[in-house]
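A.B. asks:
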Amino acid sequence: MKKVKRYIPIMLALLLVITGGCGYYDLPQSVEEQINADSGGAERTPEPTATASPRPRPEGDSVFTLDYEPGRGFNPYSSESATNYRLSGLCYESLFILGGDFTYSPNLCDKWSMEDGGYKYRFEIKSGIKMHDGSDLSIFDVVYSINLARESERFSKRFKDVSAVYISEGDVCVELDTPNTEFCALLDIPVVKDGTGYDSIPVGSGPYVYAEINDYVCMKAFEGYRTYDTLPISRFYLKNYGSDSLINAFSGAFVDLVVSELSNTTHLEYKGDCEVRYCEGTTLHFLGFNTGRGFCAKATHRIIISSAADRELLSKKYVAGTVPTRLPVSPFSRWYDRQIADISLVKPEDMPEYLIRSLVEDYDGDGQLEYIEDNIVWDFVLEFIVNKDNLQKVAAARKITAQLTDMGFDVKLLELGWYEYLTRLNTGEYDMYYGEVKLPANFDLSELLCYGGGACYGFYDATLQNYVSIFNSAGEEQKPQAASDLFVYLTDNAYIAPLLFERVAVYTHRGVVSNMTPSLHNVFSNVAEWTIDLS
């Protein structure tokens, strides 16, 4: 086990003693003092006050501390605490680990195979993996965990096409209703011991295990873990700060790692001498169109609107922590075709000619655009709806409205409550809408582009659905062509206008953590490979 040491200047130690009494339990001052703490003899270090100011190189304490929410459990399947769910990544492992580019690698399985063209998968589970209760990981634990995920609110959507999970010839088998050659990208779910899935802290096999030691709460290194001797630290201490105190606690180095969902309007901003790593997300912001009426019924018209949206500007100034996109797959995915993306929109310098060829002009000189359909010049107003509950989306919708207005469009932006917004989507009372959908990590676009999908409104195209199906079922060699065919057809028809992908930021103090590669669903996915330096 690697040890770390950090010395606190005498004046700072005196200052910390003077500023005590902030209502939280105290953490040991250093790793060496943990031994004394276990026997009840540790000194206590008071917390920073609410007025503590950030320092370029904060002194803080000499233990690695994470924020948590007491009393809300660490069950990765049922805890409603996003903070605790992230921390559970220390305790649980998965069959596969998802990379930052959405590729996947086996973790708890030695071998795996795809059968029947993507309808069936077979997994050979690793032997000798110790669970926290001393038992060995079994195939029953894996089957139990997948079925638990199928029933859970957090994971059920990604497993909607799973028809059966069972054991055959000593392997775990999964059958699907529809073929999907990238199904393994969905198997980064926590594996827990059979029968413990409804406990507040299920039994797992991860490198750390929840522990309460005297007055301290921590994630303690699991002695049965296969690389226990090289884990980066013996304990991650847990302490509840809450959003009001978390920024000051991080600035003062009393919390050592924080996660921020940047596109959330309530996200916290962390500044100072820190490092930030990003987890690329699958939540897509997009414009949707009502293809059954008015101006947006024509593909060329939808392309005009899509091209008017300045994605780079939206990402930089209006929806924080997002990545611009022109396709409904992340730009970090290997399926993102940059050649298609580059030609999917009309360039600003080409827009005047494109408008003329599309028969969209200011025919009556009133300063607003009209269009010709069936030899009739039509005035029109674009009814643009957005859910008002997310202020960043509202800001983005307002900017898009302004950009369209500058082009000569008459746009009526309606900022609606969730119920009215959803009602209009279902009844078709809109021309365009600002939408959001969380896609699975294998970028199955059925939810967004296929009839009956939870985020599919305003159009139906059987040919497009066929392209989605071909993409999902294509093998490794056929996948690039399947992706190309799908995206060419989609951009030609512009049923949606992809805008942005969300991302999550992970902050640590500069130089403290190295070799960290957080993944989308587990910030601690490679914690066993970290190096932690608190000196």
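In the working numbering, each residue's number is its place in the sequence shown (first place is 1) plus 5. From the three backbone atoms N, C-alpha and C, an ideal C-beta is built for every residue, glycine too. Owing to the predicted nature of the structure, the values given are computational and were not obtained by experimental measurement.
1. Give the secondary structure of K321 by DSSP, where H, G and I count as helix, E and B as strand, and everything else as coil.
2. Which residues in the same chain as N185 place their Cβ atom closer than 8 Å to its Cβ, once the five residues preceding and following it in sequence are excluded?
3. Buried or exposed: which applies to P561, given that a residue is buried once 16 or more other Cβ atoms fall within 10 Å of its Cβ?
4. By the three-class DSSP mapping on this structure, what secondary structure does T296 have?
5. Out of I308, L191, K398 and P485, point me to the one whose CA is closest to Y500's CA.
6. For the alpha helix (DSSP H) holding D121, just list the boundary residues, first then last.
7. Quick one: is D106 buried, meaning 16 or more other Cβ sit within 10 Å of its Cβ, or exposed?
8. Output the boundary residues of the alpha helix (DSSP H) element that contains A488.
9. So, using beta-carbon positions, are I345 and S489 closer together than 8 Å?
10. Could you check whether L504 and R316 sit closer than 8 Å to each other, using their CB atoms as the reference points?
11. Which residues does DSSP pair with I102 in a beta bridge?
12. Return the bridge partner residues of H514 from the DSSP annotation.
13. Is there contact between the stretch 172–189 and the stretch 226–235, where contact requires at least three CB pairs shorter than 8 Å?
14. What residues in its chain sit with their C-beta under 6 Å from that of V222, if we drop five residues either side in the sequence?
15. To the nearest angstrom, how far is it from the Cα of G211 to the Cα of G175?
16. Only counting runs of 4 or more residues, tell me where the alpha helix (DSSP H) segments fall wholly within the stretch 131–212, in order along the chain.
17. With DSSP as the reference, please indicate the residues paired to A226 in a beta bridge.
18. Which word fits W383, buried or exposed, when buried means at least 16 other C-beta atoms lie within 10 angstroms of its C-beta?
19. Nearest by alpha-carbon distance to K352: which of A314, E366 and Y341 is it?
20. In the DSSP assignment, find the beta strand (DSSP E) that holds N392 and state where it starts and stops.
21. Where does M412 fall in DSSP's three states?
22. When DSSP labels each residue in this structure, what does T70 get in the three-state scheme?
23. Tell me which residues share the same chain as W423 and place their Cβ nearer than 7 Å to its Cβ, disregarding the 5 neighbours each side in the sequence.
24. Leaving out the 5 sequence neighbours to the left and right, which residues in its chain are closer than 6 Å to G463 when beta-carbon positions are compared?
25. Counting only the same chain and skipping the five closest in sequence on each side, list residues whose C-beta sits under 7 Å from that of E88.
26. Where do the N-terminal and C-terminal ends of the beta strand (DSSP E) with W383 fall, by residue?
27. Per DSSP, what are the beta-bridge partners of N527 in this structure?
28. Taking the beta strand (DSSP E) that R240 belongs to, which residues open and close that run?
29. So, at 7 Å on beta carbons, what are the nonlocal neighbours of T536 in its own chain, with the 5 sequence-adjacent residues on each side left out?
30. Can you tell which of A190, E366 and A401 has its C-alpha closest to the C-alpha of F291?
31. Is the beta carbon of V509 closer than 8 Å to that of Y283?
32. Pick from F101, S530 and R155: whose alpha carbon is nearest that of S83?
33. Which residue marks the beginning of the alpha helix (DSSP H) containing Y90, and which one marks its end?
34. Sorry if obvious, but does the Cβ on V517 come closer than 7 Å to a heavy atom of the ligand FMN?
35. Report the partner residues of H290 according to the DSSP bridge assignment.
36. Where does the unbroken alpha helix (DSSP H) through V473 begin, and where does it stop?
C.D. replies: Taking the structure as given:
1. helix
2. G123, D166, N447, D449, N477 and S478
3. Since the first and last residues shown for the chain are 6 and 540, residue 561 lies out of range.
4. coil
5. I308
6. That residue, D121, is in no alpha helix (DSSP H); it is neither H nor E in DSSP.
7. exposed
8. K484 to N498
9. yes
10. yes
11. S110
12. C279
13. no
14. L243
15. 23 Å
16. 144–156
17. Y213
18. exposed
19. A314
20. L387 to N392
21. helix
22. strand
23. N392 and D394
24. G293, F294, N295 and T296
25. In the sequence under discussion, the amino acid at residue 88 is Thr, which differs from the Glu named in the question. Closer than 7 Å at the Cβ level, and outside the excluded window around T88, lie D72, Y73 and E74.
26. I381 to W383
27. S524
28. R240 to K244
29. P237, S519 and N520
30. A401
31. yes
32. R155
33. A87 to L92
34. This structure does not include the ligand FMN; it has no bound ligands of any sort.
35. E441 and L505
36. A467 to S478
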